[in-house]
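**Student:**
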Amino acid sequence: MQFFLDTALLSEIEEAAALGLLDGVTTNPSLMAKAGIQDFDAHYRAIAKLTPGPVSAEVISTTYTDMVAEARHLSNLASNIVVKIPFIPDGVKALRTLREEGIPTNCTLIFSPVQALIAAKAGATYVSPFIGRLDDIGHEGMEIIRQIRQIFDNYGFETKILAASIRHPLHVLQSALEGADVATMPYSVLRQLFNHPLTDKGLAQFLADYQKLHARS
Ligand code: G3P
């Protein structure tokens, strides 16, 4: 399973890369705004340079013609840019055109397995089901990962399942168990994956035992 970072902060991207755990990055207009980015193009180039894998950059347009034009522009910023397209009818049309042009895409705002099926039929490279936002409204977010996996396997779709809107380590575990290809997570969740009280306790014990031995000799 690949780990992507869901962020627009270069410092977080650098830290995840230094850990050797950065397979890619996903951004969205909200994350760019939160990071206070004004020059989106320059920032996407900077992220792409730091990232060894795909970087999702989202279109702002909502019509077919404008989305395709914006996607071509974004795709030219760096060789590892994947264009994020919202799941709306014009977006699905754009996915097909971009597929024909060889521009990789990530279909975002997926909240049902049938939306994922449609995006895969249109040739999306990735689909992004939003687990946390489904949980927020009382649905079981993980259920759609399970169902999308089954649908894609039933029909041999190569579209990758990118579990998004991940809020905690359990989402990462469940996504892995259900066969998501990628989990994109905030940096805070990536760091939480390291935590286990028995690891801390065990290390403290090993060091204490070493110190005791050392003190005697
Ligand atoms: O980038 C898309 C997704 O991961 C957003 O997550 O936490 O805003 O629901 P969130």
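Take the sequence shown: its position 1, counting from 1, is numbered 1 in my numbering, and each next residue is one higher. The beta carbon of each residue, even a glycine, is placed where N, CA and C say it ideally should be.
1. May I ask you to report which of helix, strand or coil DSSP gives MET1?
2. Excluding the 5 residues preceding and the 5 following THR26 in the sequence, name in chain order all residues of the same chain whose CB lies nearer than 6 angstroms to its CB.
3. The alpha helix (DSSP H) with ILE110 in it runs from where to where?
4. With 16 other CB atoms within 10 Å as the buried threshold, where does ILE137 fall?
5. Flag ALA164 as yes when its Cβ comes closer than 8 angstroms to any non-hydrogen atom of the ligand G3P, and as no otherwise.
6. In terms of alpha-carbon separation, which member of ILE151, SER61, ALA78 and PRO169 lies closest to ALA42?
7. Can you check whether the CB of ILE151 is closer than 9 angstroms to the CB of PRO129?
8. What does DSSP give as the partner residue(s) for ILE118 in the beta ladder?
9. Between the beta-carbon of VAL114 and the beta-carbon of ILE161, is there less than 9 angstroms?
10. On the DSSP bridge list, what partners appear for ILE185?
11. Does the distance from the C-beta atom of SER165 to that of LEU134 stay below 9 angstroms?
12. Is the beta carbon of ILE13 less than 9 angstroms from the beta carbon of LEU21?
**Tutor:** The structure says:
1. Sequence index remark: in the sequence shown, residue 1 carries index 1 (1-based). MET1: coil per DSSP, three-state reduction.
2. Stepping through the sequence shown from its first residue, residue 26 is reached at position 26. Cβ within range, chain order: PHE4, ASP6, SER56 and THR184.
3. By 1-based counting over the sequence shown, the position of residue 110 is 110. Annotation: ILE110 is outside any alpha helix (DSSP H); the continuous beta strand (DSSP E) that includes it extends over 105-110.
4. To locate residue 137, count along the sequence shown from 1; it is residue 137. With fewer than 16 Cβ atoms within 10 Å of its Cβ, ILE137 is classed as exposed.
5. Looking up residue 164 in the sequence shown gives position 164. Flag set: Cβ of ALA164 near the ligand G3P.
6. What you label residue 42 is simply residue 42 of the sequence shown in a count that begins at 1. With distances taken between Cα atoms, ALA42 lies closest to ALA78.
7. Translated into positions along the sequence shown, residue 129 becomes position 129. Translated into positions along the sequence shown, residue 151 becomes position 151. Cβ distance not < 9 angstroms, so PRO129 and ILE151 don't count as in contact.
8. The residue labelled residue 118 in the question sits at position 118 within the sequence shown. DSSP, once it has assigned bridges, lists no residue as partnering ILE118.
9. Position 114 of the sequence shown, counted from the start, is the residue given in the question as residue 114. Position 161 of the sequence shown, counted from the start, is the residue given in the question as residue 161. No; because the gap between Cβ atoms is not below 9 angstroms, this pair is not in contact.
10. Within the sequence shown, residue 185 is the residue found at index 185, counting from 1. Per the sequence shown, residue 185 should be read as Met rather than Ile. Answer is LEU5.
11. On the sequence shown, residue 165 is found 165 positions in, with the first residue counted as 1. On the sequence shown, residue 134 is found 134 positions in, with the first residue counted as 1. Cβ atoms of SER165 and LEU134: closer than 9 angstroms.
12. Start at 1 with the first residue of the sequence shown, and residue 13 comes out as number 13. Start at 1 with the first residue of the sequence shown, and residue 21 comes out as number 21. For ILE13 and LEU21, no; Cβs fall outside 9 angstroms.
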